[in-house]
Each structure stands twice: as C-alpha cells, then as structure tokens.
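**Q** Just so you know, the sequences run in chain order V and Z. Using my numbering, the first residue of the first sequence is number 92, and each one after it goes up by one. Using my numbering, the first residue of the second sequence is number 581, and each one after it goes up by one. The C-beta atom is built at its ideal place from N, Cα and C for all residues, glycine as well. Below you will find the structure I want to go over with you.
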Amino acid sequence: DAGVIQSPRHEVTEMGQEVTLRCKPISGHDYLFWYRQTMMRGLELLIYFNNNVPIDDSGMPEDRFSAKMPNASFSTLKIQPSEPRDSAVYFCASSLGVPTEAFFGQGTRLTVV
Amino acid sequence: EDQVTQSPEALRLQEGESSSLNCSYTVSGLRGLFWYRQDPGKGPEFLFTLYSAGEEKEKERLKATLTKKESFLHITAPKPEDSATYLCAVQARSSNTGKLIFGQGTTLQVKP
Numbered sequence: 092d093a094g095v096i097q098s099p100r101h102e103v104t105e106m107g108q109e110v111t112l113r114c115k116p117i118s119g120h121d122y123l124f125w126y127r128q129t130m131m132r133g134l135e136l137l138i139y140f141n142n143n144v145p146i147d148d149s150g151m152p153e154d155r156f157s158a159k160m161p162n163a164s165f166s167t168l169k170i171q172p173s174e175p176r177d178s179a180v181y182f183c184a185s186s187l188g189v190p191t192e193a194f195f196g197q198g199t200r201l202t203v204v
Numbered sequence: 581e582d583q584v585t586q587s588p589e590a591l592r593l594q595e596g597e598s599s600s601l602n603c604s605y606t607v608s609g610l611r612g613l614f615w616y617r618q619d620p621g622k623g624p625e626f627l628f629t630l631y632s633a634g635e636e637k638e639k640e641r642l643k644a645t646l647t648k649k650e651s652f653l654h655i656t657a658p659k660p661e662d663s664a665t666y667l668c669a670v671q672a673r674s675s676n677t678g679k680l681i682f683g684q685g686t687t688l689q690v691k692p
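The structure is reproduced here in structure tokens:
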C-alpha cells in the first residue's frame, strides 16, 4: 500500500477563498483523522471518522471548517472562507481500529495570504 | 484534563552520546502511549506503542519504556540520521475514541 495520500502538498490562497484538502486513507483502515499542526499549538485533532461516519468533531475550530467522508477511500476537509490564521500544515491519518497506531500522510501546507 | 508534556524541547548530542527523552502524561485511564518520529516537511512516522506500565519496546538504537506517569525514549549511541522531532501521544481509555493527544515534541540534533 502507498500509505496515506494527501493532496495538494502545498496550497497558497487568498483570504476569503474556499480551500479543499483531500485524503486517501490506507485501504482497509476504518478510522480516519484530520490533524492540524502549528508551531504554537503543535498537533491538534480536528475531526475523526469511523467507518465513514464523523465521530468527534469537537476540535473543528469554527463553522468555516467542514469535513466529509463520502466513502471508505476518500475524505475532504474544507475551509470556507479561509483566513490567514488558518495557515498551518494539515495532516490526514488512518488506523485499523483503536487502540492501534495511526499512519500519517505527508501533509498539506496551507498558506492563506 | 488529559495532557502530555515532553522534555526537553530541544536536545543536541554528539554522535555516540546516549540520552533519554521524557514524556509525562496525565490521562483518565491510559489506553495506549505512542511514539512518533517527524522529519522536517514530512508527516509523523510511527515508532512504538506501549499499553501498560513496565512494558518496553526496542527498535535499532531506540528503546521506549513506560511507567504509570511517564514514558522514556532512550537513544543509544545515536547517529546523525537520528536527528528529528520525536512526538509522544496518548489515547485515553475514558474517551472511548481513537483521539490521540500529542505533546509538543523534542527536537533532537545529533552532530557527527
């Protein structure tokens, strides 16, 4: 398996624009996680899914953020409208049940100017 | 509140100089403690999972240990390629979820 695949790797957008980040988890994994990493706050869990169903979205900062998982092999994280404070590296991870290790993608570095 | 604290924030070693990284945690029932390595510009890479106090895991020059309050990542005779940020994370039993709570990490630099 190629591991968790995220796209794009880098995204630069203007404030107010919609941003969509994409993730393909490892085949067979039933948990999918979206994390955000910043220097100030480290790695923070935004939302996670189990069998395509959102389980815990308490980490989603505000209504501008939304996530979907339409099927077992694809998930999106959308920010609309984007703001400069959303600039961070966004990671997607997947795991085979809990408690087992989560495997991370390479991340999407988002810059909002 | 569940919390993870790692120390030191940064560590510089000479090649071959062994040391330890600390991960202190406060959690309402530990389901698992995880160590990850993160290289610049990359996602965290899984190293170890520890489930109960007294457990130890080894991989090459790395050895992870666990007590009821903390975990140590021991690095024996490190090499420059061991330079990275090491992240510790816990999963709480009470939350009944897969949520990982991460520490801020220890950035290790090994000089030749």
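Thinking C-alpha only, which one of 164(V), 188(V), 168(V), 177(V) is nearest residue 132(V)?
**A** Answer by Cα proximity: 177(V).
**Q** Three-state secondary structure (DSSP) at residue 617(Z)?
**A** If DSSP states are grouped into helix, strand and coil, residue 617(Z) belongs with the strands.
**Q** Using 8 Å as the threshold, is the C-beta distance between residue 667(Z) and residue 655(Z) below it?
**A** In this structure, residue 655(Z) does not lie closer than 8 Å to residue 667(Z) by Cβ.
**Q** Within 10 angstroms of its Cβ, does residue 617(Z) collect 16 or more other Cβ (buried), or is it exposed?
**A** Burial call: buried.
**Q** If you run the structure through DSSP and keep just helix, strand and coil, what is residue 660(Z)?
**A** Note: residue 660(Z) maps to helix in three-state DSSP.
**Q** Can you tell me whether residue 582(Z) is helix, strand or coil according to DSSP?
**A** Three-state result, residue 582(Z): coil.
**Q** Contact criterion: CB-CB distance below 8 Å. Does residue 648(Z) meet it with respect to chain V?
**A** So no, residue 648(Z) is outside the interface.
**Q** What separation, rounded to the nearest whole angstrom, lies between the Cα atoms of residue 106(V) and residue 157(V)?
**A** Near 17 Å, if we compare the C-alpha coordinates of residue 157(V) and residue 106(V).
**Q** Mind checking if residue 194(V) is an interface residue toward chain Z, Cβ cutoff 8 Å exclusive?
**A** Yes, its Cβ sits closer than 8 Å to a Cβ of chain Z.
**Q** Have a look at residue 611(Z) and residue 145(V) and give me their C-alpha separation to the nearest angstrom.
**A** Cα to Cα, residue 611(Z) sits roughly 21 Å from residue 145(V).
**Q** Whole-angstrom Cβ separation of residue 180(V) and residue 128(V), contact assumed at under 8 Å?
**A** Between residue 128(V) and residue 180(V) the Cβ distance is about 5 Å, and since that is below 8 Å, they are a contact.
**Q** Using a cut-off of 9 Å between C-beta atoms, extract the partners of residue 622(Z) located in chain V.
**A** Simply 195, 197, 198.
**Q** Kindly indicate if chain V contains any beta-carbon less than 8 Å away from that of residue 629(Z).
**A** Yes, its Cβ sits closer than 8 Å to a Cβ of chain V.
**Q** Could you have a look at residue 100(V) and say whether DSSP puts it in helix, strand or coil?
**A** Reduced to three states, the DSSP call for residue 100(V) is coil.
**Q** Give the residues from the stretch 660–683 of chain Z that approach chain V closer than 9 Å (Cβ to any Cβ), ordered along the chain.
**A** Under the 9 Å Cβ criterion, the stretch 660–683 of chain Z contributes 667, 669, 671, 673, 675, 676, 677, 678, 679, 680, 681, 682, 683.
**Q** Do the CB positions of residue 102(V) and residue 95(V) come within less than 8 Å of each other?
**A** No.
**Q** State buried or exposed for residue 192(V), treating a residue as buried only when at least 16 other CB atoms are found within 10 Å of its CB.
**A** Its Cβ being crowded by 16 or more others within 10 Å, residue 192(V) is buried.
**Q** Return the residue from the list 168(V), 164(V), 99(V) that minimises the CA-CA distance to residue 150(V).
**A** The option with the nearest alpha carbon to residue 150(V) is 168(V).
**Q** Output, in sequence order along the chain, the residues in the stretch 142–172 of chain V whose CB is closer than 8 Å to any CB in chain Z.
**A** For the stretch 142–172 of chain V, which is checked against every Cβ of chain Z, the residues closer than 8 Å are 146, 147.
**Q** Return the CA-CA distance between residue 116(V) and residue 658(Z), expressed in angstroms with no decimal places.
**A** Using only the alpha carbons, I get a separation of about 33 Å.
**Q** Check whether chain Z comes within 8 Å of residue 119(V), counting only Cβ atoms and requiring the distance to be less than that.
**A** Chain Z, which has no Cβ nearer than 8 Å to the Cβ of residue 119(V), makes this no.
**Q** Going by beta carbon distance, what residues of the same chain come within less than 8 Å of residue 624(Z), once the five residues before and after it are set aside?
**A** Same-chain partners within the cutoff: 616, 617, 618, 667.
**Q** Please look up how many angstroms separate the CB atoms of residue 630(Z) and residue 651(Z), rounded, as I've assumed it's under 8 Å.
**A** Confirmed, about 6 Å.
**Q** Can you tell me whether residue 609(Z) is buried or exposed, with buried defined as 16 or more other CB within 10 angstroms of its CB?
**A** So residue 609(Z) ends up on the exposed side.
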